[in-house]
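Protein chains in written order, with this note's numbering: chain A, 122 to 495; chain B, 122 to 495. A short write-up of the structure that comes next.
Number of protein chains: 2
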Amino acid sequence: MKVAVVRELWEHERRVAMVPDLVGKLTGAGLDVVVESGAGEPALHSDEEYTAAGASIAQGSALDDADIVFSVQPLGPDRIAALKPGAITVSFLPLDERETIRAARDAGVTAFSVELVPRISRAQSMDALTSQALVAGYHAVLTAAERLPRFFPLSMTAAGTIPPAEVLVLGAGVAGLQAIATARRLGARVQAYDVRAAAADEIRSLGARFVELDLPTLDGTGGYAREMTEERAQQQRDLLAPYVTGSDVLITTAAVPGRTAPLLVERSTVERMKPGSVVVDIAAETGGNVEGSIPGEEINVGGALLCGGRNVPSQVPVHASRLYASNLVNLLLLMTHEGDVSVDLDDEIIAGVCVTHDGTVRNSHARELLGEAD
Amino acid sequence: MKVAVVRELWEHERRVAMVPDLVGKLTGAGLDVVVESGAGEPALHSDEEYTAAGASIAQGSALDDADIVFSVQPLGPDRIAALKPGAITVSFLPLDERETIRAARDAGVTAFSVELVPRISRAQSMDALTSQALVAGYHAVLTAAERLPRFFPLSMTAAGTIPPAEVLVLGAGVAGLQAIATARRLGARVQAYDVRAAAADEIRSLGARFVELDLPTLDGTGGYAREMTEERAQQQRDLLAPYVTGSDVLITTAAVPGRTAPLLVERSTVERMKPGSVVVDIAAETGGNVEGSIPGEEINVGGALLCGGRNVPSQVPVHASRLYASNLVNLLLLMTHEGDVSVDLDDEIIAGVCVTHDGTVRNSHARELLGEAD
Numbered sequence: 122m123k124v125a126v127v128r129e130l131w132e133h134e135r136r137v138a139m140v141p142d143l144v145g146k147l148t149g150a151g152l153d154v155v156v157e158s159g160a161g162e163p164a165l166h167s168d169e170e171y172t173a174a175g176a177s178i179a180q181g182s183a184l185d186d187a188d189i190v191f192s193v194q195p196l197g198p199d200r201i202a203a204l205k206p207g208a209i210t211v212s213f214l215p216l217d218e219r220e221t222i223r224a225a226r227d228a229g230v231t232a233f234s235v236e237l238v239p240r241i242s243r244a245q246s247m248d249a250l251t252s253q254a255l256v257a258g259y260h261a262v263l264t265a266a267e268r269l270p271r272f273f274p275l276s277m278t279a280a281g282t283i284p285p286a287e288v289l290v291l292g293a294g295v296a297g298l299q300a301i302a303t304a305r306r307l308g309a310r311v312q313a314y315d316v317r318a319a320a321a322d323e324i325r326s327l328g329a330r331f332v333e334l335d336l337p338t339l340d341g342t343g344g345y346a347r348e349m350t351e352e353r354a355q356q357q358r359d360l361l362a363p364y365v366t367g368s369d370v371l372i373t374t375a376a377v378p379g380r381t382a383p384l385l386v387e388r389s390t391v392e393r394m395k396p397g398s399v400v401v402d403i404a405a406e407t408g409g410n411v412e413g414s415i416p417g418e419e420i421n422v423g424g425a426l427l428c429g430g431r432n433v434p435s436q437v438p439v440h441a442s443r444l445y446a447s448n449l450v451n452l453l454l455l456m457t458h459e460g461d462v463s464v465d466l467d468d469e470i471i472a473g474v475c476v477t478h479d480g481t482v483r484n485s486h487a488r489e490l491l492g493e494a495d
Numbered sequence: 122m123k124v125a126v127v128r129e130l131w132e133h134e135r136r137v138a139m140v141p142d143l144v145g146k147l148t149g150a151g152l153d154v155v156v157e158s159g160a161g162e163p164a165l166h167s168d169e170e171y172t173a174a175g176a177s178i179a180q181g182s183a184l185d186d187a188d189i190v191f192s193v194q195p196l197g198p199d200r201i202a203a204l205k206p207g208a209i210t211v212s213f214l215p216l217d218e219r220e221t222i223r224a225a226r227d228a229g230v231t232a233f234s235v236e237l238v239p240r241i242s243r244a245q246s247m248d249a250l251t252s253q254a255l256v257a258g259y260h261a262v263l264t265a266a267e268r269l270p271r272f273f274p275l276s277m278t279a280a281g282t283i284p285p286a287e288v289l290v291l292g293a294g295v296a297g298l299q300a301i302a303t304a305r306r307l308g309a310r311v312q313a314y315d316v317r318a319a320a321a322d323e324i325r326s327l328g329a330r331f332v333e334l335d336l337p338t339l340d341g342t343g344g345y346a347r348e349m350t351e352e353r354a355q356q357q358r359d360l361l362a363p364y365v366t367g368s369d370v371l372i373t374t375a376a377v378p379g380r381t382a383p384l385l386v387e388r389s390t391v392e393r394m395k396p397g398s399v400v401v402d403i404a405a406e407t408g409g410n411v412e413g414s415i416p417g418e419e420i421n422v423g424g425a426l427l428c429g430g431r432n433v434p435s436q437v438p439v440h441a442s443r444l445y446a447s448n449l450v451n452l453l454l455l456m457t458h459e460g461d462v463s464v465d466l467d468d469e470i471i472a473g474v475c476v477t478h479d480g481t482v483r484n485s486h487a488r489e490l491l492g493e494a495d
């Protein structure tokens, strides 16, 4: 069976869904790997590297007779329509991508969304949200450190002692914890907040201070936070404000999958930060944790610099691709036996990631969004 | 007596020669501090902060009746000519700034160059080359890490293990050692080379590997390296090349004060680095350690990104200014007794930094460059 790896079309996508290093895992399982020419270039992998690893290169589209298609971004309805019935796509696939999901249903394509990997230990190696959040949290801190007009670490010099930077991380999921770890590596003093009480120990274990607000916590399912009322959200913003204005760097990472990111920091609070402060809002693409953040732009708000993340994992494309490809390989190998891939919907993981299969939309939230009656 | 702090005129200069925090040290010694309006802005200090600290603000030039003038860049002949005879300037002042030095001589101004602070322990707190090199070495690594398409640290994740980045630092003076320390903080594997054998222990004490080449070492005076023959320089480039091409990140920091920086890496070597590699040449302004580096520009050389440093300390303007101002304050306080500043040329430090005094050029190298007979 043939696994096609596509060239990503979105201009800001620098990742690729397969890396040369991992081709052998698929060919070793009896699968053929075909990579669209140039697919690896934004992630700095040449066609030659894929060939040397045992893949073949397609000069045009690799979709025609593909059994499985790996991509980072959703293929989109046109490319889905080019697939043969029964083909499998594996990619990020937000459930509000109605046109793509409808196209997959109508083409009889099995569309897997790696956003939906269940948070169980057997699926950890397939969890692309986690692997990419790790990259985003790491890089957000470098963005801030590079732009901060101050040192991160405590510096004891002959010309005096410079105190460490004060970093505040809001949201302590995978991205937030990685941001904390990276800021700590660089020597900053770090505080972090999360609505989930369970985050406190993890925050402290990384050497950061847990910010406790006088509010009830909101632990949800699968390690993600639940949504909250607007009144509570406002209280939270008000209580967080003094922590924000006391920081040199603010990194925000709070996301509720499939929903608009919660607004944690008002523009007026950013305006009151010290001149030269740097804010990196990883959640800018899904609405932003910081009022006014714009994906891919760096804007001045008062004396602070507000950097809106846009596809942050793509800023570390080599290793983001390496981890993402590993997630996809692990997921595919779960379904592969003696060179044959079969979709076993009795498997909790396969059922979890399956959006469309055999002409139907199987994910209930996607059905709702499409207006299909249950 | 009045200490004037000027607004820097060079567009790429974001430092200021005095910070509000240190004003009290001068006023406490009986000196008046006058800051040109807006002088602190690029380093994020407002006029109000200076006023609150006990300085006064000059709306135009503060030079007219200044006894001492603090600046980062040399004042230039026009501003020197506006000073009263006997006034003292304290700044960076490269000895090839012939017009400025001639102007200082002719105006009867005492010009101190903080580049010339002797490397003796009593003068450490005044050593501006050291304090600014520390800033440059720190920031060069952040520049590289932010642009590298890979992780710096070893990352053990559910989706596999990512090895640490390989960083090579050439030149292990203050900037190089700080670069090593910062890259190590971020979790990279670091190797470093210096022509001075004495650097080996310092490199190893920071957890980096010392690159030993089959060449004689070149320990010079004052902790700086001596110059070498072109034949030896070519041998060194050839021997270093495999270390360069095996690295993900190259940071070059080799400088011989007052001379053109040594060429350590040829363009053809950079071209053979891995795609996505990042090179930061801190020495770009003085000729560059890497062939083709351009100050302030980021250019692609083969698959690598070559970043030429331009006034690198200015990229961390708050703390670079803090350390620089501290150097200047310590130097001035050495000459201050009961509110009075006097130039004691019997003091080794004062004699060392003094370029012009009382109508004569006192520094012999500056005299040579001006064509004055000894």
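Even for Gly, the Cβ is constructed at its ideal location relative to N, Cα and C.
Ordered along the chain, which non-local residues of its own chain (more than five positions away) have a Cβ less than 8 Å from that of residue 460 (chain A)? Along the first sequence, read from residue 1 onward, the residue named residue 460 (chain A) stands at position 339. Result list for residue 460 (chain A): 122, 150, 151, 152, in chain order.
So residue 439 (chain B) contacts chain A; which residues on that side make the cut at Cβ distance below 7 Å? In the second sequence, counting from the first residue as 1, residue 439 (chain B) sits at position 318. Here the neighbours are 270, 271, 397.
Around the C-beta of residue 421 (chain B), are 16 or more other C-beta atoms found within 10 angstroms, so that it is buried, or is it exposed? Within the second sequence, numbered from 1, the residue matching residue 421 (chain B) stands at position 300. Exposed, by the Cβ-count rule.
Range covered by the beta strand (DSSP E) that runs through residue 486 (chain A): As a position in the first sequence, residue 486 (chain A) is number 365, starting the count at 1. Counting along the chain, residue 486 (chain A) falls outside any beta strand (DSSP E), though it belongs to the alpha helix (DSSP H) covering 485-491.
At least 3 beta-carbon pairs within less than 8 Å: the stretch 425-433 of chain A vs the stretch 400-414 of chain A: yes
Where residue 165 (chain A) and residue 140 (chain A) are concerned, what is the direct C-alpha to C-alpha distance, given to the nearest angstrom? Taking the first residue of the first sequence as 1, we reach residue 165 (chain A) at position 44. Taking the first residue of the first sequence as 1, we reach residue 140 (chain A) at position 19. Near 10 Å, if we compare the C-alpha coordinates of residue 140 (chain A) and residue 165 (chain A).
Chain B residues whose Cβ lies nearer than 7 Å to that of residue 447 (chain A): Start at 1 with the first residue of the first sequence, and residue 447 (chain A) comes out as number 326. By Cβ distance, chain B contributes 280, 281.
Please give the ranges of any beta strand (DSSP E) in the stretch 160-224 of chain B, keeping only runs that are unbroken, at least 3 residues long and fully inside the region. 177-179, 189-191, 209-212
I'd like to know if the stretch 247-254 of chain B and the stretch 270-280 of chain B are in contact, where contact means that at least 3 CB-CB pairs between them fall below 8 Å. no
State the DSSP-derived secondary structure class of residue 281 (chain A), mapped to helix, strand or coil. For this step, residue 281 (chain A) is matched to residue 160 along the first sequence. Residue state, collapsed to three classes: strand.
According to DSSP, residues forming a beta bridge with residue 312 (chain A): Working through the first sequence from its first residue, we reach residue 312 (chain A) at position 191. The partner list for residue 312 (chain A) (beta bridge, DSSP) reads A:289, A:330.
Check whether the Cβ atoms of residue 233 (chain A) and residue 475 (chain A) sit closer than 8 Å, and answer yes or no. Residue 233 (chain A) sits at position 112 when you count from the first residue of the first sequence. Residue 475 (chain A) sits at position 354 when you count from the first residue of the first sequence. Against a cut-off of 8 Å, the Cβ pair of residue 475 (chain A) and residue 233 (chain A) comes out as a contact.
Going along the stretch 229-250 of chain B in order, which residues come within less than 7 Å of chain A, judged by CB to CB distance? Listed in chain order, the positions of the stretch 229-250 of chain B with a beta carbon within less than 7 Å of a beta carbon of chain A are 245, 246, 248.
Report yes if the C-beta distance between residue 410 (chain B) and residue 375 (chain B) is below 8 Å; otherwise report no. Taking the second sequence and counting its residues from 1, one reaches residue 410 (chain B) at position 289. Taking the second sequence and counting its residues from 1, one reaches residue 375 (chain B) at position 254. In this structure, residue 410 (chain B) places its C-beta atom within 8 Å of the C-beta atom of residue 375 (chain B).
Opening and closing residue of the beta strand (DSSP E) in which residue 123 (chain B) lies: If you number the second sequence from 1, residue 123 (chain B) lands on position 2. Where residue 123 (chain B) is concerned, the enclosing beta strand (DSSP E) stretches over 123-126.
Quick one: does residue 427 (chain B) have its CB under 8 Å from some CB of chain A? The residue labelled residue 427 (chain B) in the question sits at position 306 within the second sequence. So, not an interface residue.
Kindly indicate the opening and closing residues of the beta strand (DSSP E) around residue 432 (chain A). As a first step, residue 432 (chain A) is located in the first sequence; it is residue number 311 there, counting from the start. Segment: none, residue 432 (chain A) is in no beta strand (DSSP E) and carries neither H nor E.
When the distance is taken between beta carbons, is residue 266 (chain A) closer than 8 Å to residue 307 (chain A)? For the purposes of this step, residue 307 (chain A) is taken as residue 186 along the first sequence, with counting starting at 1. For the purposes of this step, residue 266 (chain A) is taken as residue 145 along the first sequence, with counting starting at 1. Closer than 8 Å, so yes.
Provide the residue span of the alpha helix (DSSP H) that contains residue 260 (chain B), from first to last. Residue mapping note: residue 260 (chain B) aligns to position 139 of the second sequence, counting from 1. Segment 249-268, the alpha helix (DSSP H) holding residue 260 (chain B).
Is the beta carbon of residue 400 (chain A) sitting closer than 8 Å to the one on residue 371 (chain A)? Mapped onto the first sequence, residue 400 (chain A) falls at position 279. Mapped onto the first sequence, residue 371 (chain A) falls at position 250. Contact: yes.
Bridge-paired residues (DSSP) for residue 421 (chain B): Position 300 of the second sequence, counted from the start, is the residue given in the question as residue 421 (chain B). Per DSSP, the beta bridge partners of residue 421 (chain B) are B:426.
At 3 residues or longer, and completely inside the stretch 130-160 of chain A: list those beta strand (DSSP E) runs for me, N to C. The stretch 130-160 of chain A is shown to contain whole beta strand (DSSP E) runs of 3 or more residues at 153-157, in chain order.
Beta-carbon separation of residue 161 (chain A) and residue 127 (chain A) under 8 Å? In the first sequence, the residue the question calls residue 161 (chain A) occupies position 40. In the first sequence, the residue the question calls residue 127 (chain A) occupies position 6. Residue 127 (chain A) sits away from residue 161 (chain A), with the two beta carbons spaced by 8 Å or more.
Three-state secondary structure (DSSP) at residue 414 (chain B)? Locating residue 414 (chain B) in the second sequence gives position 293, where the first residue counts as 1. Residue state, collapsed to three classes: coil.
DSSP beta-bridge partners of residue 477 (chain B): To locate residue 477 (chain B), count along the second sequence from 1; it is residue 356. BP columns for residue 477 (chain B) point to B:232, B:482.
Under a Cβ-count criterion, where at least 16 other Cβ atoms within 10 Å of its own Cβ denotes burial, should residue 465 (chain B) be classed as buried or exposed? Residue numbering aside, residue 465 (chain B) sits at position 344 when the second sequence is read from its first letter. It is exposed - the Cβ of residue 465 (chain B) has fewer than 16 other Cβ atoms within 10 Å.
I need the boundaries of the alpha helix (DSSP H) containing residue 359 (chain A), first residue and last residue. Here residue 359 (chain A) refers to the residue found at position 238 of the first sequence. Segment 351-366, the alpha helix (DSSP H) holding residue 359 (chain A).
Can at least three beta-carbon pairs, one atom from the stretch 169-181 of chain A and one from the stretch 221-228 of chain A, be found at a separation below 8 Å? Between the stretch 169-181 of chain A and the stretch 221-228 of chain A there are fewer than three C-beta pairs closer than 8 Å, too few to call the two in contact.
Quick one: is residue 333 (chain A) buried, meaning 16 or more other Cβ sit within 10 Å of its Cβ, or exposed? Within the first sequence, numbered from 1, the residue matching residue 333 (chain A) stands at position 212. The Cβ neighbour count for residue 333 (chain A), taken over all protein chains shown within 10 Å, is under 16; the residue is labelled exposed.
Of all the CB atoms in chain A, is at least one closer than 8 Å to the CB of residue 419 (chain B)? Residue mapping note: residue 419 (chain B) aligns to position 298 of the second sequence, counting from 1. Not an interface residue.
Identify which residue in A:490, A:235, A:482, A:492 has its Cα closest to the Cα of residue 229 (chain A). Start at 1 with the first residue of the first sequence, and residue 229 (chain A) comes out as number 108. If we check each option's Cα against that of residue 229 (chain A), A:482 comes out closest.
Counting only C-beta atoms, is residue 431 (chain A) closer than 8 Å to chain B at any point? For this step, residue 431 (chain A) is matched to residue 310 along the first sequence. For residue 431 (chain A), the answer is no, since every Cβ of chain B falls outside 8 Å of its Cβ.
With distances taken Cα to Cα, identify the nearest neighbour of residue 180 (chain B) among B:159, B:363, B:415. If you number the second sequence from 1, residue 180 (chain B) lands on position 59. When each option's Cα is compared against that of residue 180 (chain B), the closest is B:159.
Nearest to residue 195 (chain B) by alpha carbon, out of B:236, B:359, B:305? Position 74 of the second sequence, counted from the start, is the residue given in the question as residue 195 (chain B). The residue among B:236, B:359, B:305 with its C-alpha nearest the C-alpha of residue 195 (chain B) is B:236.
In whole angstroms, give me the CA-to-CA distance for residue 240 (chain B) and residue 155 (chain B). Translated into the one-based positions of the second sequence, residue 240 (chain B) becomes position 119. Translated into the one-based positions of the second sequence, residue 155 (chain B) becomes position 34. Annotation: residue 240 (chain B) to residue 155 (chain B) spans about 30 Å, alpha carbon to alpha carbon.
Which whole-angstrom value describes the C-beta separation of residue 92 (chain A) and residue 174 (chain A), a residue pair presumed to lie in contact below a C-beta threshold of 8 Å? Residue 92 (chain A) is absent from the structure shown; chain A starts at 122 and stops at 495.
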